[in-house]
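**Q** Read the sequence shown against the numbering used here and you will find it ends at 273, with the numbers running on by one and no gaps.
Built from N, CA and C at the ideal position, the CB exists for glycine as well.
Got a structure for you, written out below as structure tokens; questions coming shortly.
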Amino acid sequence: MSSFLESTMYTVAQLFLVPTLVLIAALFLYAFWVLGEFAMLALQRGQGGGRPLVAAAQAAGGSGLTDDELDLRAHRLMEGPRIASRVTPLLGLVATMIPMGPALKGLADGNLAQVSTNLTVAFSAVILALIAAAITFWVANVRRRWLAEEMLEINRGRASAVSNGGATTVDDPRAPTGAARLGTQGAA
Numbered sequence: 086m087s088s089f090l091e092s093t094m095y096t097v098a099q100l101f102l103v104p105t106l107v108l109i110a111a112l113f114l115y116a117f118w119v120l121g122e123f124a125m126l127a128l129q130r131g132q133g134g135g136r137p138l139v140a141a142a143q144a145a146g147g148s149g150l151t152d153d154e155l156d157l158r159a160h161r162l163m164e165g166p167r168i169a170s171r172v173t174p175l176l177g178l179v180a181t182m183i184p185m186g187p188a189l190k191g192l193a194d195g196n197l198a199q200v201s202t203n204l205t206v207a208f209s210a211v212i213l214a215l216i217a218a219a220i221t222f223w224v225a226n227v228r229r230r231w232l233a234e235e236m237l238e239i240n241r242g243r244a245s246a247v248s249n250g251g252a253t254t255v256d257d258p259r260a261p262t263g264a265a266r267l268g269t270q271g272a273a
């Protein structure tokens, strides 16, 4: 019974190698797409644009967006890179461990070619996964700071409008709300 269970677990684990490698490859490509998007956003910010929360608050006009709505928009913008930065290393570990079984079996059988092939797959996968995770982690952290700055801009604009006797609209694109929540909720 024990042998059957071990054999079944080994077989099932091996089935996950290809899907895991495909996911790592997709996340690796996604990381570079996120990096390109980040570079474009940085260029836009340098020219006075590239502020999605401020743009959304201005587009809402007189009704404005609540702090919670801004916070939700910020979290939506961060969701992809944040999840990728956390999931990719886990997939890298899985992709490292799955080929280790066949590699150790090959070593025990004296089949060094099998060891070499499996270790190549294992280490290549984890390297790509860690590169993807590092890129998305960095982008997520910088974008989180940018979004917090936007939320502060929107809040300052609201406070200024209220102190000047105006409505609580966002004419001055400086001051998002919920910045404290964004900054403390999930460091990436």
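So I207 and M185 are supposed to be a Cβ contact under 8 Å. How far apart are they, rounded?
**A** Rather than Ile, the amino acid found at residue 207 in this sequence is Ala. Rounded, the Cβ-Cβ distance is 6 Å, consistent with contact.
**Q** To the nearest angstrom, how far is the alpha carbon of T96 from that of S88?
**A** Rounded to the nearest angstrom, the two C-alpha atoms are 12 Å apart.
**Q** In the DSSP assignment, find the alpha helix (DSSP H) that holds G195 and state where it starts and stops.
**A** Segment: none, G195 is in no alpha helix (DSSP H) and carries neither H nor E.
**Q** With distances taken from CA atoms, which of R136, R241 and R229 is nearest P166?
**A** Taking only the C-alpha atoms, the option nearest P166 is R229.
**Q** Would Q129 and G135 be called neighbours here (beta carbons separated by less than 7 Å)?
**A** Their beta carbons are under 7 Å apart, which means Q129 touches G135 by this criterion.
**Q** If you draw a straight line from the C-alpha of W223 to the C-alpha of A159, how long is it?
**A** If you take the alpha carbons of W223 and A159, they lie about 16 Å apart.
**Q** Are the CB atoms of L106 and A169 nearer to each other than 7 Å?
**A** Their beta carbons are not under 7 Å apart, which means L106 does not touch A169 by this criterion.
**Q** Given that a residue counts as buried once 16 or more other Cβ atoms are within 10 Å of its Cβ, and exposed if not, what is D194?
**A** So D194 counts as exposed.
**Q** Give the secondary structure of R136 by DSSP, where H, G and I count as helix, E and B as strand, and everything else as coil.
**A** Three-state result, R136: coil.
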